[in-house]
Structures are given as C-alpha cells and as structure tokens.
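Numbering (the working numbering), first residue to last: 231 to 874.
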C-alpha cells in the first residue's frame with residue numbers, strides 16, 4: 231500500500247476512534263460471518279423439529295386409530311421437549327435457562343462480557359427442544375445468546391481488553407438477530423438500545439459491520455432475500471389517513487398495558503415455579519403439561535364454537551396444533567393479509583346498520599383473536615416461567631398481531647373504520663406496539679417491524695403507537711421484560727453514555743494510592759497509626775492480620791474524632807477504631823461498581839481498599855494491594871468519557 235494511502239487510512243480510522251483498535255472492525259466481520267452461518271443451521275434444525283412435532287399427533291392418531299382421542303397426544307411432545315431441555319440445562323449450563331437476553335446483559339454488567347462456550351452450545355439444543363416441540367417461545371433470544379457467546383469466546387481467545395469485550399459481545403448479538411430475522415438495521419439498534427446502551431461511533435462501527443456480514447451470509451446460504459412477514463397492504467391499495475389517528479393512539483396505549491401485564495405475569499410465574507419443590511429438570515415438564523392442557527381445551531372449544539370459515543383460514547389451528555404453540559409465525563402472516571377480514575366491516579352509510587351475518591362474523595373473529603392473545607400470554611408464561619428455553623420477542627409479535635387484529639375488527643364492525651382501512655394494518659401496528667412496550671425500546675420496535683414487513687405505508691402509525699406503548703409501559707412499570715429479573719438480583723439498571731463508559735473501564739487501570747510499607751495490625755497502638763497517617767499522607771489506613779490478610783480499615787474521620795481527646799490517644803489500640811463493615815473493591819470490577827460502593831456504605835470515605843482476591847492468604851482471605859480514592863475514580867472516568 232502506498233505510503234500516502236496508508237496515512238489517509240490511518241487518519242480516517244483515528245477520526246472514527248480506531249487508531250489503536252481498528253482490528254475490532256475485522257473481528258466484527260468474522261463474528262458476523264460465523265454467527266450468520268450458525269443462525270442458518272439453527273433455524274433449519276428448529277424448523278425441521280417443529281414440522282415433525284406438528285405432524286406427529288395427526289400421524290400417530292391415524293396409525294393407532296385414535297380418532298378424536300388423538301388430541302390426548304397434544305401435551306406429550308411439549309413435555310418431551312421440556313424434559314430434554316431440563317436435562318441439558320441442569321447438567322451442562324444453567325445460564326441457558328430462560329429467554330437469553332437477561333443472561334447476556336448480566337454477563338456484560340458483572341462478568342466483563344465473558345460467556346462460556348458451553349452456554350451457547352446448550353442454548354442451541356435447549357431452544358430446539360423447547361420451541362421445536364411446541365413450547366410457546368421464539369428463536370430470537372437463543373440466537374442472540376448464541377451470537378453473544380461467539381463474540382465473547384472470540385474476545386477471550388484473542389485476549390481482547392475488557393474495554394472492548396462488550397463491543398464483541400454486541401457484534402455477536404446483533405449478528406444473530408440480523409441473520410435470524412433478515413433485519414440488519416434492527417439488529418444493530420437492538421444491541422445499542424437494549425444491551426449496550428452506547429451509541430458511540432467506536433461501538434457502532436464494528437456492530438454495523440458484523441450485522442451486515444451476518445445478514446449477507448444468511449442470505450447467500452439461503453439463496454433468498456425476503457421479508458419474514460411480507461405485508462400485502464400495498465396490494466390492497468391501503469393508505470394511511472388522518473382519520474385513523476385516534477384509533478392508533480388508543481391501540482398504542484392498549485398494547486402498552488398488554489405488554490406490562492405480559493411481563494409481570496412472566497416474572498411472577500418464574501417465582502412461582504422456582505418455589506415448587508420438585509427437581510429442576512421437572513419444572514419445564516410441568517410448564518409444558520400446563521401448556522398442553524391449555525391447547526387441548528382451546529382445540530375442543532374452537533371446534534365446538536367457531537364458524538367453519540374461520541378454521542379454514544388457518545388462523546387458529548395448524549393441523550391439530552393450536553396457533554399459540556411454538557412461534558406462531560404462520561398465524562401472524564395470515565393476520566397481516568387484508569383479505570382475511572373481508573365481510574367483517576359494517577357499512578356506516580347503511581341506514582339499517584350492519585346485518586346479522588356481518589355482526590356474527592365480526593364477533594366470531596374478535597372472540598377468536600382475543601382468545602388467541604390470552605392463550606399466547608398464558609402459554610408463554612407456562613413455557614418460559616417454568617424454565618423452558620426460548621425468546622420473548624416472537625410471542626410479543628403474536629400478541630400484538632392478534633390484539634391489533636381484534637381491535638381493528640371491532641372498529642370495522644362498529645363502522646368506525648375509515649374508507650380504505652383494514653384490520654390488517656392494526657395487526658401490524660399492534661406488533662410494533664407490544665414489542666416496544668415489552669422491551670421499552672421504541673426505536674428497535676419501529677425498525678424491526680419495518681424490516682420484517684418492508685411496508686412503508688403504515689410506518690407513521692407504527693412510530694406513533696410504538697412511542698405511546700413505550701411511554702404507557704414505562705409509566706406502569708419502570709422495568710422492561712429484560713431488566714426486571716436483573717433488578718431483582720440487585721443489578722443497577724441504567725442507560726446512556728455515562729453508564730456504558732463506567733462499565734467498560736476496569737478498576738485495575740485506575741491509579742492506586744500505595745499502602746505504607748509498614749503494615750498495621752489491630753493490636754498496634756493508635757500512636758503508630760497517627761504517625762503513619764502524618765508521614766505518608768494517606769486519608770484512611772488498611773489493617774491486616776499477622777498473615778497479611780485484610781481485616782478492615784480505620785478511617786481518617788474516626789482518627790480525627792479520637793484526636794479530640796488527646797490524653798486518651800496513648801491508651802487506644804487500632805482495634806478500638808477498626809471498621810469491618812466497609813465495602814472493598816476487586817481488580818476485576820469496573821468503575822460503575824466503585825461509584826455504587828462509594829455512594830453506599832462508603833459515602834463518608836475518601837478511599838476504599840483494593841483486594842487481590844486472585845492471591846488469597848493461607849486462610850482464604852484476600853490481601854490488600856492498595857487504596858482507590860474517590861478522586862482517582864472520577865478522574866479516570868472523565869478521561870474515559872473524553873476518549874469515547
């Protein structure tokens with residue numbers, strides 16, 4: 231490469247913040263390619279197992295001559311898949327339990343983005359068993375965790391600094407979501423808005439590269455570039471009109487409340503199932519049995535009550551399998567077709583109002599869609615709350631489509647649907663609104679609905695409803711479906727650039743205040759401590775035992791209090807001022823942890839002790855290696871903020 235070209239490239243990378251870490255772009259491309267191939271294999275295996283599980287009850291019923299009793303087979307496959315899920319998760323990786331994204335967030339916050347390889351491998355198997363056998367969950371949570379694991383393993387193997395581990399984990403997560411949904415833009419913003427909460431150019435660039443490479447790889451492997459839920463609104467000459475604005479406003483609020491209820495029920499179910507005193511392997515089986523019984527009840531009720539033409543349209547059943555089993559994509563595609571709702575709208579200009587046939591058909595459709603919405607909520611709660619492995623995104627899409635379709639059908643039956651409108655547009659907008667309300671991420675919801683449908687005709691109402699649903703959900707519950715479980719574990723959930731910088735910088739890089747060369751023991755006289763304090767100018771003093779292990783600290787504030795009565799100083803021992811309840815720090819922690827501890831019990835301290843927990847003393851207690859001052863933490867934070 232000519233010298234001038236090399237210099238220009240170096241200047242460009244420097245302006246983007248990659249003067250020393252340009253290799254992240256290359257790693258992003260490699261992680262994206264690998265994750266894209268993995269996503270294709272995962273999707274193929276999942277779809278194969280799902281297809282077989284749908285056909286099994288029908289074929290077995292025909293072979294054994296069970297007739298209507300073949301419905302009894304409906305719970306068997308989800309229970310079998312749940313048993314396999316429980317076994318592999320319990321034996322190999324407990325972090326593979328649940329819907330994946332909170333586990334990735336926890337790894338980013340507290341483990342510097344380190345995710346063991348076995349977690350990703352177990353997640354693949356567990357998700358295929360759960361969703362493929364009919365469990366009510368989606369594929370996005372697993373593939374995000376799988377991609378994040380790939381990024382983490384690459385970072386660990388290549389010894390990438392802690393500062394950049396989060397970026398590589400984000401590269402894998404974005405690549406997974408982009409590849410599984412053919413949505414590269416949404417994959418990028420999902421990571422930036424939800425996982426990392428960091429929109430800096432240094433983070434943005436590698437993640438974009440990874441997302442693009444993953445999508446291109448998946449498209450090349452599959453030989454197609456199609457939207458998963460290709461909208462047919464354009465074919466029916468739909469155009470958004472101002473008259474629909476009030477309807478979409480109400481829909482956004484309703485979907486926001488639905489998302490909050492869904493999230494709260496899911497986390498309540500996790501607590502209830504965890505409290506049941508049975509072996510952890512059997513909890514997902516119990517949840518699958520409850521899902522299966524719900525499915526049997528739904529099929530029996532639908533067959534007895536629903537009009538025949540609704541069943542023929544494939545909204546409620548796929549063979550003998552209820553629509554709310556697995557991810558429900560086929561039902562979503564059906565509900566986005568305006569032709570499905572033909573004959574359900576009343577003519578507002580008709581003097582006598584809608585005829586009985588129209589009212590009956592509309593009522594049947596509304597009742598069916600409301601029932602599917604509720605069954606999907608309950609079925610997902612049973613599946614994931616009991617410990618099944620899968621994502622919460624696909625169920626959110628299903629709930630939004632059914633709730634939005636029911637709402638649109640009700641408007642049509644009441645004669646409130648403007649000319650040219652269709653309940654299908656409300657189903658599509660409802661998808662974005664429930665996703666936004668559940669994740670508290672309107673930008674991600676808007677972008678992913680656009681890429682999933684590639685429909686620009688409802689982009690304005692999607693934007694409006696997503697924002698209103700998010701605001702409604704945040705007013706009702708400060709935590710999203712992803713952050714609620716983390717907050718209950720004691721993690722501080724925040725956002726914005728400041729927190730992302732704090733979590734990226736390890737305490738090992740902060741300037742230390744050295745300890746005095748002469749150790750301080752609890753049995754020493756206080757005079758020794760006063761002399762050390764004056765000579766070495768340390769605000770607080772660390773106290774150790776005879777083996778050098780940390781015991782506690784004597785703070786400068788306590789020493790000043792003791793010096794008020796100077797006559798008593800010769801009689802006092804260090805042990806009488808020793809405090810053992812103060813927080814300590816570890817080199818593996820990050821700045822956000824130090825800030826949190828300084829604002830807690832260490833609020834009146836100038837320093838905290840840094841302990842080397844990797845080199846414990848003979849009795850298992852760590853040794854002090856220095857003091858970290860509040861001012862050093864803030865100086866390092868401001869320097870990191872400027873560099874970012």
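Just so you know, even glycine gets a beta-carbon here, dropped at the ideal spot from N, CA and C. Since the structure is predicted, the reported quantities are computational estimates derived from the model, not experimental observations.
The secondary-structure analysis by DSSP pairs residue 783 across a beta bridge with 772 and 809. In this structure, the beta-carbon distance from residue 853 to residue 841 falls below 9 Å.
Nearest to residue 383 by alpha-carbon distance, out of 448, 260, 416 and 818, is 260. In this structure, 335 is the residue among 347, 446, 370 and 335 with its C-alpha nearest to the C-alpha of residue 397. In the DSSP assignment, residue 342 falls outside any alpha helix (DSSP H), carrying neither H nor E. A Cβ-Cβ distance of about 27 Å is found for the pair residue 372 and residue 255, leaving them out of contact under the 8 Å criterion. Following the DSSP letters along the chain, one finds residue 642 inside the alpha helix (DSSP H) bounded by residues 623–643.
For the set 821, 322, 617 and 815, the Cα lying nearest the Cα of residue 838 is the one of 815. Between residue 513 and residue 820, the gap from beta carbon to beta carbon reaches 9 Å or more. In this structure, DSSP gives residue 545 a state outside helix and strand, which the three-state scheme calls coil. With distances taken between CA atoms, residue 792 lies nearest to 805 out of 805, 494, 822 and 374. Residue 827 counts as buried, since at least 16 other C-beta atoms from the protein chains shown sit within 10 angstroms of its C-beta.
Around the beta-carbon of residue 590, fewer than 16 other beta-carbon atoms lie within 10 Å, marking it exposed. If only uninterrupted alpha helix (DSSP H) runs of at least 4 residues are considered, those enclosed by the region 461–527 are 475–505. By the neighbour-count definition (other C-beta atoms within 10 Å, threshold 16), residue 744 is an exposed residue. Counting every other CB atom within 10 Å of its CB across the protein chains shown gives residue 835 a total of 16 or more, marking it as buried. For residue 842, the beta-bridge partners assigned by DSSP are 853. Put simply, of 519, 326, 492 and 547 the residue whose alpha carbon is nearest the alpha carbon of residue 532 is 547. Distances from the alpha-carbon of residue 749 to those of 739, 775, 757 and 614 put 775 closest. Cβ contact annotation for residue 521 (same chain, cutoff 8 Å, sequence separation greater than five): 305, 308, 364, 365, 366, 555, 609, 612 and 613, in chain order. For residue 755, the pairing in a beta bridge is given by DSSP as 803. Residue 311 counts as buried, since at least 16 other C-beta atoms from the protein chains shown sit within 10 angstroms of its C-beta. Counting only the Cα atoms, residue 789 lies some 8 Å from residue 760. With a threshold of 16 other beta carbon atoms within 10 Å, residue 340 meets it and is buried. With respect to the C-alpha of residue 607, the residue from 494, 388 and 644 having the closest C-alpha is 494. Residue 718 and residue 672 have their alpha carbons spaced roughly 24 Å apart.
Residue burial is scored here from C-beta neighbours: residue 281 has fewer than 16 other C-beta atoms within 10 angstroms and is therefore classed as exposed.
Comparing alpha carbon positions, the residue from 668, 615 and 528 closest to residue 600 is 528. Here DSSP, grouped into helix, strand and coil, assigns residue 859 to strand. A straight line joining the alpha-carbon of residue 602 with that of residue 629 spans about 8 Å. In the structure shown, the three-state DSSP call for residue 814 is coil. The shortest C-alpha to C-alpha distance from residue 632 to any of 650, 656, 641 and 362 is the one to 656. Inclusion of residue 429 and residue 563 in the CB contact set at 9 Å is not warranted, their separation being larger than that value. The beta-bridge partner set that DSSP reports for residue 736 consists of 820. Residue 415 and residue 273 do not touch by the CB rule: their CB atoms are close to 20 Å apart, not below 8 Å. Check the Cα spacing between residue 386 and each of 566, 471 and 345: the tightest is with 345.
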